[in-house]
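Have a look at the structure below before the remarks.
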RNA sequence: GGAGAGGUGACCGAGUGGUUGAAGGUGCUGCUCUCGAAAAGCAGUGUGCGGGCAACCGUACCGAGGGUUCGAAUCCCUCCCUCUCCGCCA
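Residue numbers (our numbering): 54 to 482.
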């Protein structure tokens, strides 16, 4: 959630920027509750002070009848005030949580995702002297994707991936782990982008794939209706991305400054309900209920948060470039960056078979918005504690990057020439 | 699934109704000592919220939420979580 002090100081700005993100927030009402809450809080605290004073007087001895009577009166008065405060507080908190994070100044203002801005286009689209196929057409003769049987067993938007496609996925995983674990690579990307950051490599991490409601809600990432599966029987949610169990990892913790930056490369199978997408992308494996993803998650101090975000985007571009895939970088507009995000970048890879760019990566910068509710803090050297800043970014959504590889690297006879960087990691069939 | 134990500060760990925001230890910070470091000694060191220009004051927090009481970390109720043993199992 957002800092209430910031909202008090900048009510118009908060209202305006919330509107830009598509959130109709009644800041005036929120601040009304805020004032009311504080007035009541002062009364409650005064009543408590009186009670504590009385308790202090009677300490270690039997209280007199007079003192007991006074205590009872105070108790009842306090109970009444506390109930009033609790009611106001509930309204206040609900409204406060409804306020989205503020976009940074360079986020383009837009009402729909159509107003995302192409920041740059990189790489040459491959030229074919034949009609390029879509990924599922390329996969068909090899029997790499079996959706029919998956539908029989699990339903629509599930697949059995087979053979070389599976070998390709594991090769990508190994290669990315190797690359992001290499301090020299990180250092070079930091220098190339004029960033002042630690070259600390990413630690690979296999997080849990399910999480409880309380931390999930605190992460501001729970989207129950459209995205997330629930295991009702055990009151657990299925990861829609590794970031959900990564960003919640240090929930309710204060960490020493020396730990930062914390850079994780998480791998998780991701589950998405895809409600409301019926009929969209039904062919192939572009939009599935289940897919595997390598996700970067970074916890940092406030002053490096934005730079870490820029580093994550640089890493994304580097990885895509290494695969030789043409792509464009989208600066997501206010309507598309999501409630907890201050800034968001999408990378779209060119899919020759489809003849269009499709989203393969996202990078999200949450400032301290996510950490405030998750209560993740850093204890600085001078003893001060501050909220951390969080960043998450796709390293690779494996299904989608494999689509891009198949379509971009296809040959006239329906084969695929895999990117060279993967060669050391590709197991022969 | 059966039986039991337990959730206290950055960490470990005392504490069963009133000088407990919380002993003791670890860690961290400062000082002393030292050429420097280590060791040792001394001192300091929680977070949130509210008020105040500030020094500071108040208040809350011992898993969460209720209750009993003049007064609750301590007693009662509900829930959540963790651990141990047995069973089952990749």
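The C-beta atom is built at its ideal place from N, Cα and C for all residues, glycine as well.
Quick caveat, the model's predicted, so the values are computed rather than measured.
- By alpha-carbon distance to residue 278, the top candidate from 286, 272 and 290 is 290.
- Here residue 312 is exposed, its C-beta having fewer than 16 other C-beta atoms within 10 Å.
- Between the alpha carbons of residue 374 and residue 283 lies a distance of about 37 Å.
- Its chain contains 100, 103, 104 and 107 as the residues whose beta carbon lies nearer than 7 Å to that of residue 127, once the 5 sequence neighbours on both sides are disregarded; these appear in chain order.
- For the set 334, 91 and 229, the Cα lying nearest the Cα of residue 137 is the one of 91.
- Beta-bridge annotation (DSSP): residue 324 is paired with 343.
- In the DSSP assignment, residue 469 falls outside any beta strand (DSSP E) and carries neither an H nor an E.
- Residue range 57-62 is occupied by the alpha helix (DSSP H) that includes residue 62.
- Between the C-alpha atoms of residue 174 and residue 379 there is a straight-line separation of about 8 Å.
- Judged by DSSP secondary structure, residue 444 falls within the beta strand (DSSP E) whose first and last residues are 442-450.
- Per DSSP, reduced to three states, the secondary structure at residue 353 is strand.
- In this chain, the alpha helix (DSSP H) harbouring residue 132 covers 118-151.
- Assignment of residue 381 by DSSP, reduced to helix, strand and coil, places it in the strand class.
- A Cβ-Cβ distance of about 5 Å is found for the pair residue 224 and residue 479, placing them in contact under the 8 Å criterion.
- Looking at the backbone, the Cα of residue 61 and that of residue 152 are separated by about 13 Å.
- Cβ atoms of residue 460 and residue 188 come within 8 Å of each other, at about 5 Å.
- Taking residue 450 as the centre and dropping the five residues before and after it, the same chain places the C-beta of 344, 346 and 413 closer than 7 Å to its C-beta, in chain order.
- Taking a cut-off of 8 Å for Cβ pairs, the stretch 331-339 and the stretch 300-310 do not touch, as fewer than three such pairs fall below it.
- Collapsing the DSSP output to three states places residue 280 in coil.
- Per DSSP, the unbroken alpha helix (DSSP H) holding residue 237 starts and ends at 236-245.
- Taken atom to atom, the span from the alpha-carbon of residue 254 to that of residue 431 is near 20 Å.
- Residue ranges of uninterrupted beta strand (DSSP E) with 3 or more members, entirely inside the stretch 373-440 and ordered along the chain, are 380-384, 396-404, 409-418, 429-432 and 438-440.
- In its chain, beyond the 5 residues on either side, 429 have a beta carbon closer than 7 Å to the beta carbon of residue 306.
- In the three-state DSSP reduction, residue 260 falls in the coil class, being neither helix nor strand.
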